[in-house]
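For the sequence shown, position 180 matches number 180 in the UniProt record's numbering, and the numbering has no gaps at all.
Glycine residues also receive a C-beta, built at the ideal position from the N, C-alpha and C atoms.
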Amino acid sequence: MDTLETRELRYFVTVAEELHFSRAAERLGIAQPPLSRAIQQLERRIGVALFERNRRGVALTDAGQVLLAEARVILDAVAAAARRTLRAASCTNRLTLATKAGANHDLLRKLLDAHAAEPGAAEIEVLLCGMGEQAPMLRDGRADVALMQRPFHSMAGFDTEDLRTEEQVAILPAGHPLAARTSLTMADISDVADLPLARWPCLDGAYPPGPGPEIHDQSQLAQLIALGRTVAVTSASARSWLWSAHVAVPLTGAPPVTTVLAWPAHSRSPAIARLVRTAAQL
Numbered sequence: 001m002d003t004l005e006t007r008e009l010r011y012f013v014t015v016a017e018e019l020h021f022s023r024a025a026e027r028l029g030i031a032q033p034p035l036s037r038a039i040q041q042l043e044r045r046i047g048v049a050l051f052e053r054n055r056r057g058v059a060l061t062d063a064g065q066v067l068l069a070e071a072r073v074i075l076d077a078v079a080a081a082a083r084r085t086l087r088a089a090s091c092t093n094r095l096t097l098a099t100k101a102g103a104n105h106d107l108l109r110k111l112l113d114a115h116a117a118e119p120g121a122a123e124i125e126v127l128l129c130g131m132g133e134q135a136p137m138l139r140d141g142r143a144d145v146a147l148m149q150r151p152f153h154s155m156a157g158f159d160t161e162d163l164r165t166e167e168q169v170a171i172l173p174a175g176h177p178l179a180a181r182t183s184l185t186m187a188d189i190s191d192v193a194d195l196p197l198a199r200w201p202c203l204d205g206a207y208p209p210g211p212g213p214e215i216h217d218q219s220q221l222a223q224l225i226a227l228g229r230t231v232a233v234t235s236a237s238a239r240s241w242l243w244s245a246h247v248a249v250p251l252t253g254a255p256p257v258t259t260v261l262a263w264p265a266h267s268r269s270p271a272i273a274r275l276v277r278t279a280a281q282l
């Protein structure tokens, strides 16, 4: 089989995401017939059907599901290579650090202050992102390093340096009966019908099923908790952004949360290495 081309992988991913050739062609800015021919040629070259086509529409085959996951990784890697090459050509001593907005404020400040005190330290641009966006930003080159949390985030493909381990807490509206408790378990929270658990996006960006609201950012989460519409389970450092309408109650039996500094495993950047050394000293 010939080597796959990034153009045809991009075509394939777009069709796989739209599951409609006309919409995919419009999104790509090309006509539908050449897009259909490109996908058919790709299927012939690989030797398997990637889509099931019938009167009801278009669906991915099992082989297509595999190629979709692999193609996204490849396209992210290509985009990352271009971004990092341009960054290297600019000859600037600069790193971009991605972190969820509002998270680990005190830890991030300690890290930035300690790094800035080092001779020859790179300038750090802090990129505030939404929930679960750190890993994609590392993979496609928009960020050089990121603050992430285990076990909430997947560390596959990254090297990491542990920074802090802490307990989990439940964030509840201050007037709720559970807010008066000194500790809770996940069973306590799950049994409360009037306060459904907030739903965070999974690794693939989809939300798990459940009655609780889908959370897109921290401001939305804080507002919904204060209104008595949801409860959140998160790391204890979340206490730094609580409102007076919130109460944090420790969770017993929940696994600890470890905040890590993460970076691409293949990185050979001296600037990243210096930042990691600073993080290790913290």
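By how many angstroms is the C-alpha of residue j removed from the C-alpha of residue i?
| i | j | result |
| --- | --- | --- |
| Trp200 | Ile124 | 28 Å |
| Leu42 | Val145 | 35 Å |
| Ala69 | Glu17 | 11 Å |
| Leu108 | Tyr207 | 28 Å |
| Ala24 | Thr14 | 6 Å |
| Ala222 | Leu50 | 43 Å |
| Leu195 | Glu166 | 25 Å |
| Ile189 | Thr230 | 10 Å |
| Asp217 | Leu224 | 11 Å |
| Ser235 | Thr6 | 40 Å |
| Ala180 | Thr160 | 37 Å |
| His266 | Ala156 | 12 Å |
| Ser22 | Arg53 | 14 Å |
| Ile272 | Ala71 | 27 Å |
| Leu178 | Ala245 | 14 Å |
| Val48 | Ala63 | 7 Å |
| Ala187 | Thr278 | 40 Å |
| Asn93 | Thr185 | 47 Å |
| His176 | Asp191 | 14 Å |
| Pro151 | Pro34 | 44 Å |
| Arg239 | Ala116 | 26 Å |
| Pro270 | Pro256 | 32 Å |
| Lys110 | Val73 | 33 Å |
Tell me the DSSP bridge mates of residue i?
| i | result |
| --- | --- |
| Glu123 | Arg94 |
| Arg172 | Residue identity check: residue 172 is Leu in the sequence provided, not Arg. Per DSSP, Val247. |
| Trp263 | Asp159 |
| Lys100 | Cys129 |
| residue 361 | Residue coverage of the chain in this structure runs from 1 to 282, which leaves residue 361 outside it and unanswerable. |
| Phe51 | Leu60 |
| Glu214 | Arg199 |
| Val66 | Per DSSP, none; premise fails for Val66. |
| Val145 | Leu97 |
Hey, could you find the ends of the beta strand (DSSP E) residue i is sitting in?
| i | result |
| --- | --- |
| Asp159 | 158-166 |
| Ser235 | 232-235 |
| Val58 | 57-60 |
Taking Cβ positions, are residue i and residue j nearer each other than 8 Å?
| i | j | result |
| --- | --- | --- |
| Met131 | Val260 | no |
| Thr10 | Leu75 | The displayed chain sequence assigns Arg, not Thr, to residue 10. Yes, they are a contact pair. |
| Val169 | Pro250 | yes |
| Leu95 | Ala122 | yes |
| Gly212 | Ala193 | no |
| Trp243 | Ala226 | yes |
| Ser237 | Asn104 | yes |
| Pro173 | Gly228 | yes |
| Leu126 | Thr85 | Note that residue 126 is Val in the sequence shown, not Leu. For Val126 and Thr85, no; Cβs fall outside 8 Å. |
| Leu67 | Phe12 | yes |
| Ala248 | Ile171 | yes |
What residue does the alpha helix (DSSP H) around residue i start on, and which one ends it?
| i | result |
| --- | --- |
| Met131 | Taken as a continuous stretch (DSSP letters only), Met131 belongs to no alpha helix (DSSP H), as it is neither H nor E. |
| His105 | 105-116 |
| Ala31 | Premise fails: Ala31 is in no alpha helix (DSSP H) and is neither H nor E. |
| Pro270 | 270-281 |
| Ala16 | 6-18 |
| Asp188 | 186-190 |
In chain order, what residues of the same chain have a beta carbon less than 6 Å from the beta carbon of residue i, not counting five sequence neighbours either side?
| i | result |
| --- | --- |
| Leu128 | Ala101 |
| Glu8 | Ala38, Leu42 |
| Ala254 | Gln168 |
| Val276 | Glu161 |
| Arg83 | Gly141 |
Skipping 5 residues on each side, what residues in its chain have a beta carbon closer than 7 Å to that of residue i?
| i | result |
| --- | --- |
| Leu4 | none |
| Ala79 | Asp140, Gly141 |
| Leu112 | Ile124 |
| Ala31 | Ala25 |
| Phe158 | Leu138, Ala262, Trp263, Pro264, Ala265 |
| Asp162 | Thr258, Val260 |
| Ile215 | Met131, Ala198, Arg199, Trp200, Leu221 |
| Leu28 | Tyr11, Thr14, Leu35 |
| Gln40 | none |
Enumerate in chain order the residues of its own chain whose CB-to-CB distance from residue i is below 8 Å, with the five nearest sequence positions on each side excluded.
| i | result |
| --- | --- |
| Gln281 | Ala114 |
| His20 | Gly57, Val58 |
| Thr182 | Val249, Pro250 |
| Arg274 | His115, Glu118, Gly120, Ala121, Ala122 |
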